[in-house]
Every structure is written in C-alpha cells, then in structure tokens.
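Read through the structure below, which is laid out as structure tokens, and then see the notes.
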Amino acid sequence: MDKPDKLPEIKKVDSQTASSRAAQRAQEAAKRTAAARQKVLLIALGVVVVVNALLAFLLHGVMVEDVQRERQSELTAQQTSVHVNAVQRYLAKVTQQFEQARAYPDLVTRLTDNNAEQIAVRQQSLREYFDQPVAVRLIPAGTAQLDREGIAPIRFAELDLIRRAERREPTLPEAAVVDDNWLLHLITPLPTDAQQPVAGTLLVTLDGRDLISAFNVGDANLGQAVLLQKIAGSMPLTVASVGNGNLSPHHEMPIPNTYWSVRFTPSQQLVNLSEELPTLWLLVISVTSIAGLVLAWLASKVLVKAQTTQKATAKADAAEAKTVAKAGETAKATDEILANPIYQNQDILDIAVIEEDDDILGLNQATGKKAAGGTAAQTLDVPADIFRSYDIRGIVGQDLTAQLAEKIGAAIGSEVLDQGETSIIVARDGRTHSEELSQALVKGILRTGCHVIDIGIVPTPVLYFATFHLPETNSGVMVTASHNPAEYNGFKMVINGVTLADDAVMDIRARIMRQQFHRGQGSTEHREVIADYIDRIFSDVALASNVSLVIDAGNAVTGVVAPQLFEELGCDVTPLYCDLDGTFPNHDPDPGHEKNLRDLIAKVQEVGADLGVAFDGDGDRLVVVTPKGTIIWPDHLLMLFARDVLSRNPGADVLFDVKCSRQLNQVISSYGGRPMMWKTGHSPMKAKMIETGALIGGEYSGHIFIKDRWYGFDDGMYAMARLLEIITLRDQKIDDIFMAFPILPATPELKIAVPDAEKFALIQQLIEKGDFQNGKPTTIDGLRVDFSKGWGLVRASNTSAALTLRFEAESEEALEKIKLLFKRELLKVNPKLVINF
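Residue numbers (the numbering used here): -1 to 835.
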C-alpha cells in the first residue's frame, strides 16, 4: 500500500502577538491623524487671521473713518451755516432800510430836475433810514464821475457799479476796501419800474464794520470762518475772517443773492468733537474672529476625516486593481491593436480666403467732406496787397468787405481743421466796422464745420492769452487793424499755436482763390476771458509800492481792460481817452508818433503822476513817458527788461529787431546776454523767440515779448505791469533809472510813401545797386547799414504803403551824414521819391 501524500504544515499564530501589532498600528494611525489635524488647524488659523485683518482694515474705514469724516463734514457745514445765517440776518435788516429809502416819493423828480441843492437836501433826508451811513448819494443818469476824495470815493469799481445800475443790469451788495477800511455799497436804479427810463441811481454806502461784526459769531475755537467776495473780472476779496483753523477739508457755502460766500476751515478741536469711538467695530471684529476660530477647528476635523476615508478607499482600489490587472493581461494584444489603428482622423480641408477689393467694400471712402480744390480755376478777385507779411489789413469798403471777410473765415476755418483742431477763438477791437466784419468772418468759419468761441471786444493780447488758457483750441483770429487809422481793419491769425506770417498768410489767399474749403456746420459759444486774464497777471506781478499812472488808450480797445487791470495791481489810475470810440476822435491809436503822445505828457505833468503809458489800437504795443516829459522808446525799455531777465538767467538770448538802437547790443552783452537781431514784425519775432528759446525780445515799434514767467507773445499791458514791478523794487525815479542807459542822437521812424506794389522791388534794387561806402550791410529785413559812428535802415513797411527809415549816430553831425547818404542812394534808384529829410 502506497503512503499517503504529506499534508502541508499549518503554522499557528500567537493571538497575543497579533493583538499587539494591531494596537501598535492603531496607535501610529492615531498619531498621524493628530499630526494631520494639527497641520490643517494651523493653516486654517492662518487663513482666519489674514481674513480678519483685512476685514478689520476695511470695516475700520467704513465704520470709524467714514463716520468720523461724515460727522466732521456735518459739523463744518453747521459752523458755515452759522456765519451764513448771521450775514443773511444783517442783509435782511439793511435791505429793508434800503427798500424804505428808495420808496421815498419824490426821488425820481429830484433826479430828473438835477438840481444840486435839492438833491443834497433829499440825500440828507434819506440818511435817517440807516444807522450812521457813510454816504447816501442820488446820482442823475450819466453824470457819475471819478471822485477819489473823501471816505467813500468813486473809483472805477464804483463807476462800473453805477453804470450797471443805469443799464438795469442786476446789482447786488458789494464790499469795497478804502484805506484799509471796509465799505458796503447798495445801489438801485430809479424809478424801480423796469418799463420806465432810468432817471438816476440811489447809492448808499454803509460802514463795513457792521457787516464784519455781524459775521463774527459762533465758537472761534472750532475753526476759521472767512467771508469772501467773488465778482467776475476781479480777484476774490477776503472781507472778514474770524477764528483759526488749518485742517482739511474746508467747506464753502454761497450766500444767496450776493457775491459772497463763507468758507469754514476746521480746527483740531472740531476734529476731536467728530471722533468716533470704535466700539461697534471692535464688537464686529471680535465676533468674526471667534466665528473664524470655530470654523477653523471644525474644518480641521472634517478635512482629516475626509483624508482618512480617502486613504482607506485608496487601499481598496489598489486591491481591486490587482484583480483587474490579471484580466488585463489577456486583453493586451487587443489593446495594442486598438492603441495603434491603421487609419487616423486627419483634417485635409485647406481653403484659401480671397481678399476683396477695398474700393468695392468702400473702405477707402473719406470721413469728411471737402470741396474740390487745388486745380480749380482762379475765378475770384482777391486783392493781394491786403495779405501782408504777418496779417491781413486794408481799407474797409475798398480793399476789405464783409463778403471777403466771410471767404477769409472759410479759409481760416478750413486751415484750422487741416491742422487737426476743431475750434477757433474769435475776438474784435472797437472799430466801427469790426462787429460787421467779425460776424461775416464767423459765418465763413461756421460753414466749414469749425466751431467758434467768441470772446467779444478785447485787446489782441487777451486773444493770445485765450489760445493758451482755453482747453478747446490753440487757434484764434483777431479782427483789428492795430495802430492804423479808423478806416482800416484786418485780421491777425494764430493757428495751432503759430502766428501766421509770410507764406502762411498768402496760403490763406491761395485757398480762397482755389475755393478749397471744408463743408459742414459749426456752432458758436460766447466766453468771457477778461477776468481770467486779469487774474493771471495779478497772480504773477507784485508791485512793491503804490504808483500813480496815466493810461492813454487812444479811445481803442485797451481801454476796456487796462484801467481795471492796473487798479487791481494797486495803481492810482488816471484814464485818458479810455472810452471806446472806433473813430479815434482825439488821435490815431499809434504811440510810435510823438504827436500822439503830447496829451499824455501833459496829463502826466498836470496830475503829477509817476508815469504815463500809451497803448496802440489793439494793445500789443506800448510807449512810456516820464514826469519830465521824456519819451522812453521801446528799445530803451528793452534794455531795462534785458537787465532784469539776465540777472536771473545769465547767458540767455535777447531778441530785437533791425530798428533798435545799436546801444542795445552793447547793453545786453555787458549784462552777460547774447544779443540777436531779427526782422521786424510780431509774427517773425514770435517765431524766432520759439526757435531760439529767448526769454525776452522787443521791437522799436513797442512790441515786447516776454517768455520769462509769461507766454512769449507781445502784450503791452503785461509788459507795463512787469515794468512797474521792476521800478517799484528800486528806490529810484524812472527818469533816474533810464539815465543809466546810453542814449545817442537818433531819429524816430520816418516814412516815404511808396505804392505797395513797388516797395519791395525798390528795396531789392537798393540792396543790389546802392553804394554805402565802407558800411556793413544787413539784409535780413530791408537794408540796414552799420558804420563806425552810426547806422541807417530802410525797409518796406508791412502795414502801410511806405518805406520806413531810422537812423542813429554818435553825434548830430554823423547822423546827418548817414541820412544824406541814404537819401542819395534812394533817389538814384527812384528819382521820383518824395523824401522829406
């Protein structure tokens, strides 16, 4: 019998050992779980801390800082209202008194009769309505005059107030300061019925201390309250101030039906009152912090439990994977076949896109409309002579008509659009035909689609200022003929910041001839810029002392601005011919001729003024006279300006035109500057200023260009303000100041009548054929010849049908010799010339 097969040996496991190993594994698993939970808890705590820190920052801004700011704003507004209400109560009282006074029954009769004694009696009666008034005046219409005497003088500001009342324009109470004392003016036209003609005005002046006393209310420790007066065209005035405060933000509140507002600036004491305790903020942050910690603890438990479950699931998945692997081996061949298919999906579509013709799609069509130009027949008769070197100028009705002005407007508007601008500023002087030409000009501009900003009747420098100041455009056109007689008019043009000159002016004519205009419909907007102009100068120029100044505007447009400007600067102004009259009844607005300065010299000596100034017809030129009657010609003014500018900018370029004194060259060099001579004309001079970066420049005719602290354009009023600043800083009289600069025998600007069509050719012949011996010629503008003892100049005028000449020498004898030499050579070229020297 065979032996049975041997059974496998079965080993027995010690149950105690197995139990010990299981416990050990459980203990290790527990440690791992605790470590994982601690790690998760720390991360969660970090997240809670960061989130709560951000939340604390954001909620502090909303729940503490914003509340505090709002409370401070409310307290500031409340304090502002206290002072506003106080002023309103005071005004209500004086307005009631004023209403009772103007209701007096026979005031219109007294004004109409214009009997001084009866008016004085009635004025005395009206005083009883007020508490100690400074002055009560009944002023018949059209009789108001300057009266600087007394405690309630009539100055330009008061004259303007009276005239506005006479025109029934709205008038509000105005505060004015006289010798550091405040006054309050109340005015009304009489009769009060707007349907009746004005017989006169009632002007009551009260002591401003009552207003200031009424304003002084409230707790001064909470901040500073300031009563401000803001009138268009004048600098803001601080009428009263109470308390102290220097924290922001301040609050400003207008007072209804006045020019006034109250500005309140809080102090630290008011800020302390508005502090917000962070109680609620701390409570919210505490709650969110606790909630965050609880959530972190719960999250750590949930996450660790999920991690343990995930590991158990992974082990089960691994066991199952072993079983699946065995089955997978039997399908390996099939998988390889499936993994490497013979046929693959492939995109074989390859379609080329055909590009369509741009013209068919209309992609090349223009976005704007233009008239055909460039090759059109020249069918228009546009006189070439009025298109001069740096402007357009001619006799109205003969050379220049409204129809031509409209075409000029269309050409300028089109050029502005071509330069990439969409608007242009338009202004005019006070000539009798300037308004008609301006309207025609604007009509032409508008039909190109260019917009117009109309700033009204202003001097040319105000237009130039507007091209820098207004954000809409850097282009402008001024309707003016500058210093020419009343029958002339014209246009000065700035396009995209560049003053048109020479070829650019002729391009305007060429555009008209070709009728190369844009087509569209622009709009007109009226804008006031005089106040901004005065404010800008006031913020730049400071006079060290009071100056008595006579201003001769020649009845031209500068009279609209200059008296007000210099009174704002602190000058005692005496106006001469400052009323606007486009016929120029007293003298032509050209200070370059001594005969036009006689009345100014006489007035300066009559009133004992410190200085006199004459402006030309559009305000971009000036000439100054001294108390001794000395005329300070502009090239000598330029010496003083150059010294001032070079003291701060050594080595700077100083530009002057061919008419200026040779001494100017020496003065500029002696003060460390670089003298540069250039051609005459405001347009070429401005262009050269930009090219060279010069800070100061000038012409003998009176154009002064100041880039130092200003814009670099010619501005007679700003130049005068800077001159006064220089003079008041020196403890010398103006006659003594200019004695330091050398003055040689010289002629004024002389003229020889020559037709416009011939003058340039004549100068060219003189340059080519003239025999000026050993003189050194300069031909940048006409012919200037410098000799060892002097010089002479002849050039074609750009503003009139004439040659202009000027001579200077070391002695009268040398001066006569140079004059005779030029006269001889001119007559050689044209024996028919009438030369009166």
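Don't be surprised by glycine CBs; every beta carbon is placed ideally from N, CA and C. Nothing here was measured: the structure is a model prediction, and the numbers come from that model.
Can you list, in chain order, the residues of its chain whose CB lies under 6 Å from that of residue i, leaving out five sequence neighbours each side?
i    : result
F770 : V783
C658 : D633 and Y698
S239 : V224
E810 : P743
V643 : L693, I694 and D706
P740 : Q661
V235 : One detail in the question is off: residue 235 reads as Leu in this sequence, not Val. For L235, where only same-chain residues beyond five positions count, the Cβ hits under 6 Å are Q227.
A403 : L435, A438 and L439
I352 : Confidence is the limiting factor: at I352 the pLDDT is only 33, short of 50, which leaves the residue's position unreliable and the question unanswerable from this model.
L722 : L541 and V545
Tell me which residues share the same chain as residue i and place their Cβ nearer than 7 Å to its Cβ, disregarding the 5 neighbours each side in the sequence.
i    : result
R822 : none
Q763 : V827
I253 : V82, V85, Q86, S259 and V260
I117 : R108 and L136
K686 : L653 and W676
Q267 : N219 and L220
A369 : Low per-residue confidence applies at A369: pLDDT is 49, beneath 50, and the placement is therefore not dependable enough to give any value.
Tell me where the alpha helix (DSSP H) around residue i begins and ends.
i    : result
S786 : Where S786 is concerned, there is no enclosing alpha helix (DSSP H), given that its DSSP letter is neither H nor E.
K657 : From DSSP, K657 is part of no alpha helix (DSSP H); its letter is neither H nor E.
R641 : P632 to R646
R162 : F154 to E164
N487 : Where N487 is concerned, there is no enclosing alpha helix (DSSP H), although the beta strand (DSSP E) it sits in stretches over Y486 to I493.
H183 : H183 -> not in any alpha helix (DSSP H); beta strand (DSSP E) instead, spanning N179 to L188.
V414 : A400 to D416
S537 : I528 to D538
T110 : L105 to D111
H449 : Careful: H449 lies outside any alpha helix (DSSP H), inside the beta strand (DSSP E) at H449 to I455.
D734 : I732 to M737
S681 : H680 to T690
F835 : It is not in any alpha helix (DSSP H) - F835 carries neither H nor E in the DSSP assignment.
V622 : Where V622 is concerned, there is no enclosing alpha helix (DSSP H), although the beta strand (DSSP E) it sits in stretches over L620 to V623.
E167 : Counting along the chain, E167 falls outside any alpha helix (DSSP H), and DSSP gives it neither H nor E.
Please confirm whether residue i and residue j have their CB atoms less than 9 Å apart.
i    : j    : result
G714 : R619 : yes
Y486 : G610 : no
I761 : L781 : yes
L201 : L184 : yes
A197 : L109 : yes
V440 : G488 : no
V548 : V527 : no
F564 : M718 : yes
D550 : Y575 : yes
A755 : D383 : yes
Y531 : A640 : no
K684 : D712 : yes
S421 : T458 : no
N100 : T169 : The displayed chain sequence assigns Arg, not Asn, to residue 100. For R100 and T169, no; Cβs fall outside 9 Å.
R534 : H449 : no
L144 : A173 : no
Which first and last residues belong to the beta strand (DSSP E) in which residue i is found?
i    : result
R426 : S421 to R426
K749 : L748 to A751
E806 : A800 to A807
G696 : I694 to G696
P138 : A133 to P138
Tell me which residues share the same chain as residue i and place their Cβ nearer than 8 Å to its Cβ, disregarding the 5 neighbours each side in the sequence.
i    : result
D733 : T624, P625, K626 and T628
V176 : I149, A150 and P151
I833 : I750, K821, L824 and L825
A337 : For A337, the predicted model reports a pLDDT of 41, less than 50, meaning its position is unreliable and no value from the coordinates is stated.
D397 : P381, D383 and I384
Y709 : Y462, F463 and F466
If you measure from the CB of residue i, is any heavy atom of the ligand GDP nearer than 8 Å?
i    : result
L235 : Among the components of this structure there are no ligands whatsoever, and the ligand GDP is therefore not found.
Please tell me whether residue i has its Cβ less than 9 Å away from any Cβ of chain C.
i    : result
F835 : Absent here is chain C; the protein component of the structure consists of one chain.
*May I have a chain-ordered list of the beta strand (DSSP E) segments no shorter than 3 residues that lie completely inside the region 222 to 257?*
The region 222 to 257 contains these whole beta strand (DSSP E) runs: 235 to 240 and 249 to 252.
*Any contact of the region 426 to 438 with the region 475 to 490, i.e. 3+ C-beta pairs under 8 Å?*
Touching, yes, given that three or more Cβ pairs across the two stretches are closer than 8 Å.
*Does the count of Cβ pairs from the region 519 to 526 and the region 441 to 452 closer than 8 Å reach three?*
Judged by pairs of C-beta atoms under 8 Å, the region 519 to 526 touches the region 441 to 452, as three or more such pairs exist.
*Pair every Cβ in the region 127 to 136 with every Cβ in the region 200 to 220, then say whether three or more of these pairs are closer than 8 Å.*
Verdict: yes, contact present.
*Report yes or no: do the region 534 to 550 and the region 499 to 511 share at least 3 C-beta pairs separated by less than 8 Å?*
The region 534 to 550 is not in contact with the region 499 to 511.
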